[in-house]
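Read through the structure below, which is laid out as structure tokens, and then see the notes.
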Amino acid sequence: MRMPRPQPWGLCVLPLLLLLPPQTPRADGNRSLLYHLTCVSSPAPGTPAFWVSGWLGPQQYLSYNNLRGQAEPYGAWVWESPVSWYWEKETTDLRQKQKLFLEALSVLKKGGEISIPEPEGGERGAEALGLSEERSGPCSPVRGTPGPYTLQGLLGCELGPDNVSVPVARFALNGEDFMTFDPKTGIWDGDWPESATIGQKWKQQKEVVNKEKTFLLYSCPQRLLGHLERGRGNLEWKEPLHLPFLLPGILFLETLRA
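Residues -27 to -1, 1 to 231 in mature numbering (1 follows the signal peptide of the UniProt record, and there is no 0) are what the sequence shown spells out, letter by letter.
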């Protein structure tokens, strides 16, 4: 019998490719600003229920968790000199997202179970989603279980070759694609019943929709361009290479070369 490998924060490692750094750096590999958000319903004692890592291309520049409650520079970015209010703004935005994620988990807890959408052909449950028995467990969505829940998000923006910003807003629940957000329409959409419930709850708060639109369409591109302008030296800074290395809840197996 295979023994489970211990994980940081007492979480399982979710097999979410969408939450890995976008790619090994290329000439344009730094032209993205992405926030990896994770929220858990049952954190281990003394560990955060919500945390975020911010990435400029393949390089982490920001960290945040609900225990400290402050967005902080990471690695070489502690030497960057942004405008005086920059980190206050990052903190405000991430506290807002923390509130939304905790609200979503509250909705899931009250629902009592996760309802896996039924695909064509009538298959249900873990087999319908291609989950083996080995993957089915405390961190896999199985109908009839009250939790625990892990909600993750990948939010931010990427610059295309023509310098047009492309927003990114994708969410996963317990390791499965859950929903997306379209900042043009202001709608959260997904195939799960819980996607509609949570999306509707967030949409009812008009200030939430406006803030998310502003963040993805304006704030994120401005921050990305600012970092690229002020932090060229930081992007060239090489951290010690460790393979694999761990972040809360996510195991990165890619080689990150500066």
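Backbone N, C-alpha and C fix where the C-beta goes; we use that ideal spot for every residue, glycine too.
- Taking Leu40 as reference, the option from Arg68, Glu53, Trp60, Trp50 with the minimal CA-CA separation is Arg68.
- Assignment of Pro46 by DSSP, reduced to helix, strand and coil, places it in the strand class.
- Taking C-alpha positions only, Phe154 is separated from Asp162 by approximately 6 Å.
- Among the bridge pairs identified by DSSP, Asp162 is matched with Thr153.
- For Leu128, the secondary structure class from DSSP, reduced to helix, strand or coil, is strand.
- Assigned with DSSP and collapsed to three states, Gly199 falls in helix.
- By the CB criterion at 8 Å, Gln33 and Gly27 fall inside the cutoff.
- A contact is defined here as three or more CB-CB pairs under 8 Å, and the stretch 10 to 18 meets this definition with respect to the stretch 119 to 130.
- DSSP places Leu40 in the coil class of the three-state scheme, outside both helix and strand.
- In the structure shown, the three-state DSSP call for Ala22 is coil.
- In the three-state reduction of the DSSP assignment, Trp52 falls in the helix class.
- For Ala145, the enclosing beta strand (DSSP E) covers residues 138 to 146.
- A residue is called buried once 16 or more other Cβ atoms fall within 10 Å of its Cβ, and Glu202, having fewer, is exposed.
- With contacts defined as CB atoms closer than 8 Å, Lys82 and Gly120 qualify as a contacting pair.
- Tyr8: member of the beta strand (DSSP E) spanning 5 to 13, first to last residue.
- Residue pairing by DSSP places Thr123 opposite Val13 in a beta bridge.
- One thing to note: Leu190 has its Cβ no nearer than 8 Å to the Cβ of Ala142.
- Where Gln69 is concerned, the enclosing alpha helix (DSSP H) starts and stops at 59 to 84.
- Residue state for Gln32 is assigned as strand, using DSSP reduced to three classes.
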